[in-house]
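Read through the structure below, which is laid out as C-alpha cells, and then see the notes.
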Amino acid sequence: MKARFIASEGPWLEATLEVGSTILKVMDELTIDDRYSPEINQEIEVELSMLLDDDESWDDIFRGNPEKKKTIENIEGWSYRAFGEVISINPVVVDCGLIKVHDVVHANDERVIGEHVGFTITRLDATYA
C-alpha cells in the first residue's frame with residue numbers, strides 16, 4: 001500500500017505514516033538501515049503487519065462491533081481498536097476498510113462470514129513492501 005512517511009522516533013520506535021487521509025502510528029521497521037531510510041514526506045510502498053490481543057474472547061470479538069463499522073481507531077501509540085466484517089474463513093480474514101486482518105479468530109464454520117467483529121491490535125508494524 002502507498003503511504004507517505006511523515007516522521008520517526010527511530011528504528012523499532014514510533015513512526016507516523018499517512019495512508020490516503022488516515023494518519024497511522026506504527027512501529028518503525030523502515031529506518032533500520034540508514035541506506036534505505038525514507039525521507040520525510042516521501043511516498044513509499046509499505047506492508048502492514050500486526051500483533052493482536054490474545055486475551056480477547058470469541059464472544060468479546062463477535063460482540064465488539066454492533067455498529068458494523070469498517071475502520072481502525074487509534075487507542076494509543078501503535079495500538080488500535082479494529083472493526084470489520086469477516087469476509088472469508090480458512091484463514092479467517094476481516095475487512096477493516098483500510099486493512100485486511102488475517103487470523104483474528106480460527107473458524108471453519110461459513111456462518112461467520114458476514115459477521116461484524118471488533119478486536120484490539122496491540123502493535124501495528126510497517127515494513128517496506
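When you line the sequence shown up against the UniProt record's numbering, it's residues 1 to 129, in that order.
Quick reminder that beta carbons are idealized off the backbone N, C-alpha and C, glycines included.
Q) Which word fits S57, buried or exposed, when buried means at least 16 other C-beta atoms lie within 10 angstroms of its C-beta? A) Translated into the one-based positions of the sequence shown, residue 57 becomes position 57. Classification for S57: exposed.
Q) Assuming I61 and V101 make a contact with CB atoms under 8 Å, what is their CB distance in whole Å? A) Numbered from its first residue, the sequence shown carries residue 61 at position 61. Numbered from its first residue, the sequence shown carries residue 101 at position 101. Actually they do not touch by this definition, with Cβ atoms about 11 Å apart.
Q. Cα separation between D28 and T127?
A. On the sequence shown, residue 28 is found 28 positions in, with the first residue counted as 1. On the sequence shown, residue 127 is found 127 positions in, with the first residue counted as 1. D28 and T127: Cα-Cα distance of roughly 7 Å.
Q. Are the segment 77 to 86 and the segment 16 to 36 touching, with three or more C-beta to C-beta distances below 8 Å?
A. yes
**Q.** Where D34 sits in the DSSP three-state scheme
**A.** Within the sequence shown, numbered from 1, the residue matching residue 34 stands at position 34. Here D34 sits in helix by DSSP.
Q) Quick one: Cα of A15 to Cα of T71, how far? A) Counted from its first residue, the sequence shown places residue 15 at position 15. Counted from its first residue, the sequence shown places residue 71 at position 71. Spanning the two alpha carbons is a distance of roughly 20 Å.
Q: Pull up the DSSP beta-bridge partners for H102, would you.
A: On the sequence shown, residue 102 is found 102 positions in, with the first residue counted as 1. Looking at the DSSP assignment, H102 forms a beta bridge with V93.
(Q) Determine whether the beta carbon atoms of I87 and V93 lie at a separation below 8 Å. (A) Residue mapping note: residue 87 aligns to position 87 of the sequence shown, counting from 1. Residue mapping note: residue 93 aligns to position 93 of the sequence shown, counting from 1. For I87 and V93, yes; Cβs fall inside 8 Å.
(Q) Assuming N41 and G118 are in contact, meaning their beta carbons sit under 8 Å apart, how far apart are those beta carbons, in whole angstroms? (A) Here residue 41 corresponds to residue number 41 of the sequence shown, with the count starting at 1. Here residue 118 corresponds to residue number 118 of the sequence shown, with the count starting at 1. About 33 Å separates the two Cβ atoms, so there is no contact after all.
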